[in-house]
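Read the structure below first, then the notes.
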Amino acid sequence: MDLAQKAGLIVKAALDKQAYGAVVLDVSRLCSYTDRIVIMHGTSTRQVQAIAQNVRETLKKAGEIPLGFEGERDSQWLVVDFGDVVVHVFYEPMRAFYDLEGIWADAARAQVQETQGDVRIVWPERSKQPEAVGLL
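To convert, take the position in the sequence shown, counting from 1, and add 17; that gives my numbering.
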């Protein structure tokens with residue numbers, strides 16, 4: 018499964034549990050431990066657990082086993098690590114507090130489009146991505 022398929026499947030699994038504000042960041046030129054970061058939130062800790070669990074189960078069925086899973090006890094911020102994609106599922110107030118989008122402000126940010134149950138991840142024009150404008 019390539020990165021686009023994996024990120025799309027992650028977002029779809031999250032949206033199936035009514036995740037909010039899904040964002041996909043391309044950090045491949047900015048960090049060494051992953052290529053994509055997917056961020057979303059839920060409005061309760063129970064919903065955060067359900068989102069993260071559905072992401073894990075959906076990708077496991079597709080043959081992608083997570084390398085790590087953190088934060089289950091408190092369910093304020095759960096992280097599912099698939100190696101090339103790291104998923105952050107926040108309880109809504111924690112997302113604003115930690116502001117990962119701000120930390121990774123130099124990363125290319127994809128638009129998540131959902132239509133009739135289908136999810137598309139649309140990247141900005143290549144000229145706007147960090148590697149194309151010589152930032153790295």
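Where is the CB? At the ideal position from N, CA and C, for every residue including glycine.
Beta-bridge analysis with DSSP links Gln130 to Arg137.
DSSP places Tyr115 outside any beta strand (DSSP E); the residue lies instead in the alpha helix (DSSP H), whose first and last residues are Glu109 to Tyr115. Counting only runs that start and end inside the stretch 53 to 85, the beta strand (DSSP E) elements of at least 3 residues fall at 53 to 59. For Ala36, no pairing in a beta bridge is given by DSSP.
In the structure shown, the three-state DSSP call for Leu20 is helix.
Taking the CA atoms as reference points, Ala69 sits about 7 Å from Val97.
Contact check between the stretch 63 to 83 and the stretch 121 to 134: fewer than three CB pairs, one atom from each, fall below 8 Å, which does not count as touching.
By the criterion of at least three beta-carbon pairs nearer than 8 Å, the stretch 29 to 36 is not in contact with the stretch 110 to 120. Excluding five sequence positions before and after Gly100, the CB atoms of its chain that fall closer than 8 Å to its own CB belong to Thr51 and Leu84, given in chain order. For Leu47, no beta strand (DSSP E) segment is defined, and its DSSP state is neither H nor E. Membership of Trp94 in the beta strand (DSSP E) is indicated by the continuous run Trp94 to Asp98. For Val41, the beta-bridge partners assigned by DSSP are Val55 and Ala127.
At least 8 Å separates the beta-carbon of Val106 from that of Ile54.
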